[in-house]
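In our numbering, the protein residues as written are 235 to 400.
Each residue gets a CB set at the ideal place from its N, CA and C atoms; glycine is no exception.
The structure presented is a predicted model; accordingly, all values stated were derived computationally and were not measured.
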């Protein structure tokens, strides 16, 4: 377990919302030296706390076909293994973006991104549903993203015209 000091906690809070913040700017924001920020971020990476950096794209604005599906998966856990082995089998598929162990009526949530509904459906039918421990799936397609990872995706256009009254 990493030594979680207040500086590291503040760094994580900031870069979770904006991973592009420069270390120099982070140091200024946190009132510390840039070298302290660089060292803390390296420790957080070495300890597996910072696992990667991602760019969020609003695919609707690109004109490129792109679909995201949330797939609820019910499985039979294996004796002595629980859900770990089946989760690993699923997350190793290159089509799979995310796998979560969930509470509730389903065991796993699989997030999958593809070019078409047919491509996603093919994955569910031909790969996911054929795994021996999978006993049921339900697929939900995301039709529109309003907010993702704390970022508002659809900002309303503000009318900046000056109001004229007689």
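Secondary structure note for residue 325: it is in no beta strand (DSSP E), and the uninterrupted alpha helix (DSSP H) holding it is 318-325.
Following the DSSP letters along the chain, one finds residue 248 inside the alpha helix (DSSP H) bounded by residues 240-251. In this structure, residue 371 and residue 305 form a Cβ contact; the two beta carbons are roughly 6 angstroms apart against a cut-off of 8 angstroms. With 16 or more neighbouring CB atoms inside 10 Å of its own CB, residue 242 falls in the buried class.
Sequence-distant partners of residue 266 (beyond 5 residues in either direction) whose C-beta falls short of 6 angstroms from its own C-beta are missing from its chain. Rounded to the nearest angstrom, the gap between the Cα atoms of residue 320 and residue 383 is 26 angstroms. For residue 341, the CB contacts under 8 angstroms within the same chain, skipping 5 residues up- and downstream, are 307, 308, 309, 311, 317, 335 in chain order.
Fewer than three Cβ pairs drawn from the stretch 279-289 and the stretch 325-334 lie within less than 8 angstroms of each other, which leaves the two stretches out of contact.
If you draw a straight line from the Cα of residue 264 to the Cα of residue 385, it is about 22 angstroms long. Counting along the chain, residue 354 sits inside the alpha helix (DSSP H) bounded by residues 351-357. Between residue 347 and the set 397, 293, 239, the nearest pair of CA atoms involves 293.
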